[in-house]
Structures are given as C-alpha cells and as structure tokens.
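Below is one structure, written out as structure tokens; the observations come after it.
In this note's numbering, the protein residues as written are 33 to 511.
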C-alpha cells in the first residue's frame with residue numbers, strides 16, 4: 033500500500049515550481065480522460081452493432097419458416113344431413129286483389145267513373161266473412177268464404193260448382209237457400225242473396241239485364257198473361273158440355289203463363305255480380321294494402337287481401353332445385369325474433385320464375401351455394417308449410433329456410449372432408465396420427481353434408497389400418 037502523505041505535504045507536492053509546469057500537467061490529464069472516454073464509446077458501439085448486424089448464415093436461419101404443426105380432427109359418429117339454405121318471405125297461403133272496373137259503378141251502365149266511395153278497413157286490419165270490405169261508386173264489395181274466385185255473375189238459372197260455393201257461403205252466414213238443389217240458383221238462393229244485401233244496407237242488383245224498370249214491366253206483363261190464361265180456362269170449363277180438347281189447351285196455356293211469371297219474378301229479383309263479391313278460403317282474412325283513398329278515382333288494384341295459414345315462399349337456384357322435393361323437412365328461422373319453426377316443403381316449381389325473383393336461394397350446405405345473386409339468376413319457387421301455425425306478426429318478414437335434402441338413417445362414422453385424400457392408385461385414405469407416427473387407412477366414402485363425409489374403413493375394427501370414433505385424423509398443417 034502506498035504511503036499516505038500529510039495534507040500539508042500533498043499541497044506542497046502539487047505546488048508548482050513554475051507557471052508553465054502547472055498548465056502542462058493539466059493538459060496531459062485532459063488528453064488521458066478523452067482517450068479513456070473514446071475507448072468506452074467504441075466498446076459500447078461494438079456491443080450495439082453486434083445486436084443488429086448479422087452474418088448471412090444467421091439471417092437465413094432467422095428467416096427460415098418454422099416447422100409446420102399438424103392440424104387434426106377427431107373421427108365422429110353422427111347423423112349426417114345434407115342441407116339447402118334458402119331465403120323466403122312469410123305470407124298468407126293465398127293473396128287476392130280487388131280491381132274494380134267501370135261495370136262496378138252504381139248506375140250499372142258500365143260507363144261511369146270508378147270512385148272509392150267507402151273504405152271501412154285500413155291496411156293491417158282483420159276482415160271477416162259477410163262484411164263490406166269496400167264500396168266502389170256506391171256499390172258494395174262483400175267478402176265470402178270460398179276457394180274459387182268469382183268469374184261470372186250468378187243469377188237465376190245459373191248452375192255449377194260456383195253456385196254451390198255461393199250457397200255454402202250464404203249458409204255459413206245463416207242464409208238458407210231453401211229448397212233449391214245444390215248448385216242451382218233458384219228462388220231460395222235468390223231470397224238468401226236479397227236478405228244478405230238488406231242486412232248490409234244495400235239494394236241487390238236485379239237479375240234482368242234491362243234494369244229494374246224493364247224487370248218490373250216484364251213481371252206485370254207476365255201477370256196479365258196468367259190472368260188471361262186463367263179466364264180462358266174458366267170460360268172453357270163454364271159451358272154445359274165442355275170441349276175436353278179446349279179445356280186441356282187452356283190448362284197448358286195457364287201453366288206456361290205461370291212459369292213465365294216465375295221466371296219474370298226471378299229476373300226482377302236479386303243476382304250476385306262478380307264485381308261485388310270477393311271469395312277468400314279462410315277467415316279472418318287480412319287487409320294487406322289499400323290502393324286509393326275515399327273519394328279518389330281507382331286506377332288498378334284497390335285492395336290486397338291475404339287469407340289462410342301463413343306459409344313461407346322462397347326461391348331456389350337451378351342447382352339447389354335438383355336437391356329439393358315435396359315432403360322434405362325444413363326449419364324456418366326468424367332472425368329478428370330468434371324463433372325457429374319446423375315445417376315441410378309443400379311445392380317446388382318445375383319452371384323458373386323471372387330473373388331476379390324474390391326469395392332466391394343463398395346456397396346449400398353441401399355445395400356452398402351457387403355463387404350467383406338473385407338479380408342475375410332465374411329461381412324456382414319453393415313453398416314451405418309450417419307444422420304449426422306461424423304467429424301473424426311474422427307476416428311479410430324475410431326468414432331463413434334450411435331444408436334437409438338427405439340424411440343417414442342413423443349415426444355413421446364421419447370425418448371432415450379435408451381429411452380424405454385420393455391417391456393415384458384410386459384408393460381413398462385418411463391419415464391417422466398415433467403420437468409422432470402417421471398411418472394411412474384406406475376407407476370407402478359415402479354420404480356428405482355440413483362439411484363432413486361418411487367413411488367406412490376397409491380393414492376390420494381393432495386391427496392395424498382400422499378407424500374408430502375418437503381417432504385423430506390429419507386435416508392439414510399450420511405454420
């Protein structure tokens with residue numbers, strides 16, 4: 033250890049013996065400090081450079097892709113289903129439009145203006161049978177139960193299924209057709225029509241084409257003929273020795289006159305114009321839209337009515353249509369409410385609708401969709417009927433339809449489609465991962481659906497090359 037000098041001697045030691053010696057010593061110390069600092073700086077720079085500057089070999093090693101990881105999936109036993117997913121709109125089973133014409137006007141001449149004179153219901157209202165759903169130029173439009181639309185005026189002498197439909201609709205409302213034969217418009221049916229109109233506050237249209245005045249004159253003329261025929265018969269029978277031939281003819285004339293009177297009275301009585309009735313298959317019906325306001329001329333459709341249980345009307349592309357048939361199970365999903373309803377395919381159209389039709393399909397579960405849009409591909413109309421009645425609040429809502437086009441009878445062995453490979457030798461295999469060891473197992477494929485494929489191992493269970501539920505199979509790799 034160096035000797036420690038007293039402070040007084042240290043001061044004497046550093047005390048310069050001249051001014052030049054002191055300044056030289058100070059300069060040498062500064063130089064040494066700068067050299068030491070520079071060395072430290074270069075040393076730190078070298079360390080920093082070693083962190084960022086790499087050799088070519090190190091750069092290649094750092095950019096080399098990592099060893100890929102094997103992606104696997106378990107073999108499963110499940111019921112395999114192939115599905116087709118479509119879009120559809122909830123609508124009533126039948127939609128009917130009311131389009132008045134000039135013949136509906138109150139004067140009956142066919143040349144008057146068509147004016148909406150009364151509209152007792154608003155869009156969204158329920159409508160029942162036997163009610164006036166609209167009034168056009170003073171004449172009513174009456175709702176009645178029936179599946180066949182009115183296509184002709186029903187009047188005395190009319191016969192057919194449409195008359196039968198009218199008689200049943202009147203009977204539902206409490207208006208009996210009396211002794212008229214089923215399907216024959218007679219006095220009993222006419223009386224029922226007259227009572228219906230009277231209860232609704234309207235005068236029925238006369239069956240005579242000449243109008244009320246001409247019909248009344250025809251009745252009076254027929255009455256005069258009956259009166260004259262009765263007198264002729266009385267005169268023929270009043271002589272002492274009546275001429276049997278003359279009496280017989282007088283009686284025949286009277287019978288004809290009475291028949292003419294009955295016909296005249298029928299013609300003067302009520303008829304049911306086709307323009308004044310709208311037949312709907314079920315009630316209550318729903319008024320979907322109103323095309324005019326009270327007091328305005330009617331141009332085109334005045335009312336749109338829907339009736340019957342709600343169904344879903346959708347559309348399928350050509351490739352989807354081949355997978356669909358009547359009776360297939362379907363699920364109806366309302367995304368707005370989250371509720372799902374079971375149903376069945378009721379009809380699949382055999383001819384396509386116009387391009388861009390409503391409710392085109394959005395793709396099938398097995399094929400991933402057609403790739404087209406509703407605007408550039410013709411679609412085939414598909415109707416799905418729910419197993420239970422849909423809430424009326426769903427009317428007009430666009431929903432998702434999932435149709436099960438095919439399904440296995442029970443649970444089968446399945447793997448993801450990506451797990452199956454086909455070799456150049458024509459064999460179909462899957463790769464089973466046993467720890468680090470891989471084993472190819474030959475399989476026969478079956479049904480497909482929802483991204484899975486049915487597989488049957490060629491080898492028996494429990495031996496090498498077998499395949500069982502729970503085995504991990506390779507479906508790909510991931511870096």
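Where a beta carbon is used, it is the ideal one built from N, C-alpha and C, also for glycine. Model, not experiment: these values are computed from the prediction.
Do you know offhand how far residue 367's Cα is from residue 428's?
Working through the chain shown from its first residue, we reach residue 367 at position 335. Working through the chain shown from its first residue, we reach residue 428 at position 396. Going by the C-alpha atoms only, they are around 13 Å apart.
Please classify residue 202 as buried or exposed, where buried requires at least 16 neighbouring CB atoms within 10 angstroms.
Locating residue 202 in the chain shown gives position 170, where the first residue counts as 1. By the 10 Å Cβ count, residue 202 comes out buried.
Roughly how many angstroms separate the alpha carbons of residue 501 and residue 177, rounded to a whole number?
Along the chain shown, one-based indexing puts residue 501 at 469. Along the chain shown, one-based indexing puts residue 177 at 145. For residue 501 and residue 177, the distance between alpha carbons rounds to 59 Å.
By DSSP, does residue 198 sit in helix, in strand, or in coil?
What you label residue 198 is simply residue 166 of the chain shown in a count that begins at 1. When DSSP states are grouped into helix, strand and coil, residue 198 belongs to the helix group.
With H, G and I counted as helix, E and B as strand and the rest as coil, what does DSSP make of residue 153?
Stepping through the chain shown from its first residue, residue 153 is reached at position 121. Note: residue 153 maps to coil in three-state DSSP.
Residues near residue 359 by beta carbon distance below 8 Å, same chain, minus five either side:
The sequence position of residue 359 within the chain shown is 327, counting from 1. Taken in chain order, the residues that qualify are 376, 377.
From residue 156 to residue 322, what distance separates their C-alpha atoms?
For the purposes of this step, residue 156 is identified with residue 124 of the chain shown, where counting begins at 1. For the purposes of this step, residue 322 is identified with residue 290 of the chain shown, where counting begins at 1. Cα to Cα, residue 156 sits roughly 10 Å from residue 322.
Spatially closest choice to residue 115 from 489, 440, 509, 470, by CA coordinates
Start at 1 with the first residue of the chain shown, and residue 115 comes out as number 83. Nearest C-alpha to residue 115: 440.
Since residue 175 and residue 310 should fall inside the 8 Å C-beta cutoff, what is the C-beta to C-beta distance between them, to a whole number of angstroms?
Within the chain shown, numbered from 1, the residue matching residue 175 stands at position 143. Within the chain shown, numbered from 1, the residue matching residue 310 stands at position 278. Contact check for residue 175 and residue 310: beta-carbon distance about 6 Å, within the 8 Å limit, so the pair qualifies.
Given a cut-off of 8 Å on the beta-carbon distance, is the pair residue 302 and residue 261 in contact?
Walking along the chain shown from the start, residue 302 turns up at place 270. Walking along the chain shown from the start, residue 261 turns up at place 229. Result no, Cβ atoms of residue 302 and residue 261 do not sit closer than 8 Å.
Using 8 Å as the threshold, is the stretch 208-219 in touch with the stretch 181-188, meaning 3 or more CB pairs across them?
Inter-segment contact for the stretch 208-219 and the stretch 181-188 is present: three or more beta-carbon pairs are separated by less than 8 Å.
CB residue 506 to CB residue 451, shorter than 8 Å?
On the chain shown, residue 506 is found 474 positions in, with the first residue counted as 1. On the chain shown, residue 451 is found 419 positions in, with the first residue counted as 1. With respect to residue 451, residue 506 sits close: the two C-beta atoms are nearer than 8 Å.
Residue ranges of each beta strand (DSSP E) within the stretch 330-361, 3 or longer:
Those beta strand (DSSP E) runs which fall completely within the stretch 330-361 and span 3+ residues are 335-348.
Considering only DSSP beta bridges, list what residue 114 is partnered with.
For the purposes of this step, residue 114 is taken as the residue at position 82 of the chain shown. Answer by DSSP bridge pairing, in chain order: 438.
How is residue 220 classed by DSSP in three states: helix, strand or coil?
Here residue 220 refers to the residue found at position 188 when the chain shown is read from its first residue. Of the three classes helix, strand and coil, the one that applies to residue 220 here is helix, per DSSP.
Report yes or no: do three or more beta-carbon pairs, one from the stretch 234-241 and one from the stretch 253-267, lie closer than 8 Å?
Taking 8 Å as the limit for Cβ pairs, the verdict is that the stretch 253-267 does not touch the stretch 234-241.
Are the stretch 410-424 and the stretch 442-450 touching, with three or more C-beta to C-beta distances below 8 Å?
Short answer: they don't touch.
Run of the alpha helix (DSSP H) containing residue 299, from where it starts to where it stops:
Locating residue 299 in the chain shown gives position 267, counting from the first residue. Counting along the chain, residue 299 sits inside the alpha helix (DSSP H) bounded by residues 276-300.
Do residue 363 and residue 112 come within 8 Å of each other at the CB atom, strictly closer than that value?
To locate residue 112, count along the chain shown from 1; it is residue 80. To locate residue 363, count along the chain shown from 1; it is residue 331. Taking 8 Å as the Cβ cut-off, residue 112 and residue 363 do not qualify as a contacting pair.
Check this for me: beta carbons of residue 251 and residue 297, under 8 Å apart or not?
The residue you call residue 251 lines up with position 219 of the chain shown. The residue you call residue 297 lines up with position 265 of the chain shown. If you check the CB distance, residue 251 and residue 297 come in under 8 Å.
Kindly indicate which three-state DSSP category residue 273 falls into: helix, strand or coil?
Walking along the chain shown from the start, residue 273 turns up at place 241. Note: residue 273 maps to coil in three-state DSSP.
How many angstroms separate the CA atom of residue 278 from the CA atom of residue 230?
Your numbering for residue 278 matches position 246 in the chain shown. Your numbering for residue 230 matches position 198 in the chain shown. Looking at the backbone, the Cα of residue 278 and that of residue 230 are separated by about 46 Å.
Can you find the residues in the same chain that come closer than 6 Å, C-beta to C-beta, to residue 333, ignoring five residues on each side of it along the sequence?
In the chain shown, residue 333 corresponds to position 301, counting from 1. 129, 131, 323, listed in sequence order.
Of the listed residues 300, 267, 227, nearest to residue 26 (C-alpha basis)
No answer is possible for residue 26: it lies beyond the span of the chain, which begins at 33 and ends at 511.
Shortest alpha-carbon distance to residue 355 belongs to which of 380, 121, 119?
In the chain shown, residue 355 corresponds to position 323, counting from 1. Closest by C-alpha distance to residue 355, out of 380, 121, 119, is 380.
CB residue 317 to CB residue 159, shorter than 8 Å?
Indexing the chain shown from 1 puts residue 317 at position 285. Indexing the chain shown from 1 puts residue 159 at position 127. In this structure, residue 159 lies closer than 8 Å to residue 317 by Cβ.
Mind checking whether residue 312 and residue 339 have CB atoms under 8 Å apart?
The count along the chain shown starts at 1 and reaches residue 312 at position 280. The count along the chain shown starts at 1 and reaches residue 339 at position 307. For residue 312 and residue 339, yes; Cβs fall inside 8 Å.
With H, G and I counted as helix, E and B as strand and the rest as coil, what does DSSP make of residue 237?
As a position in the chain shown, residue 237 is number 205, starting the count at 1. For residue 237, the three-state secondary structure derived from DSSP is coil.
Excluding the five sequence neighbours on either side, which residues of its own chain have a C-beta within less than 6 Å of the C-beta of residue 228, listed in chain order?
As a working mapping, residue 228 is identified with position 196 in the chain shown. Non-local C-beta neighbours of residue 228 in its own chain, meaning closer than 6 Å and more than five positions away in sequence, comprise 207, ordered along the chain.
Using a Cβ-Cβ cutoff of less than 8 Å, which residues in the same chain neighbour residue 240 once the five nearest sequence positions on both sides are dropped?
Here residue 240 is taken as the residue at index 208 of the chain shown, counted from 1. Only 246, 247, 250, 299, 300 meet the Cβ criterion.
CB residue 503 to CB residue 107, shorter than 8 Å?
If you number the chain shown from 1, residue 503 lands on position 471. If you number the chain shown from 1, residue 107 lands on position 75. Here residue 503 is near residue 107, since their CB atoms are less than 8 Å apart.
Just curious, the beta strand (DSSP E) that residue 321 is in, first and last residue?
On the chain shown, position 289 is the one that residue 321 refers to. Segment 317-322, the beta strand (DSSP E) holding residue 321.
Other residues of its chain near residue 212: CB distance less than 8 Å, five sequence neighbours each side excluded:
Residue 212 sits at position 180 when you count from the first residue of the chain shown. 199, 218, 219, 220, 221.
Excluding five sequence neighbours on each side, which residues of the same chain lie with their C-beta closer than 7 Å to the C-beta of residue 483?
As a first step, residue 483 must be located in the chain shown, where it is residue number 451. Once the five neighbours on either side are set aside, the close Cβ partners of residue 483 are 448, 449.
Just the C-alpha distance for residue 397 and residue 109, rounded to the nearest angstrom, thanks.
For the purposes of this step, residue 397 is taken as the residue at position 365 of the chain shown. For the purposes of this step, residue 109 is taken as the residue at position 77 of the chain shown. Here residue 397 scores only 42 on pLDDT, less than 50, and its place in the model should not be relied on; the value that follows carries that caveat. Rounded to the nearest angstrom, the gap between the Cα atoms of residue 397 and residue 109 is 19 Å.
Three-way DSSP call (helix, strand, coil) for residue 212 in this model:
Position 180 of the chain shown holds residue 212. In this structure, residue 212 counts as coil in the three-state DSSP scheme.
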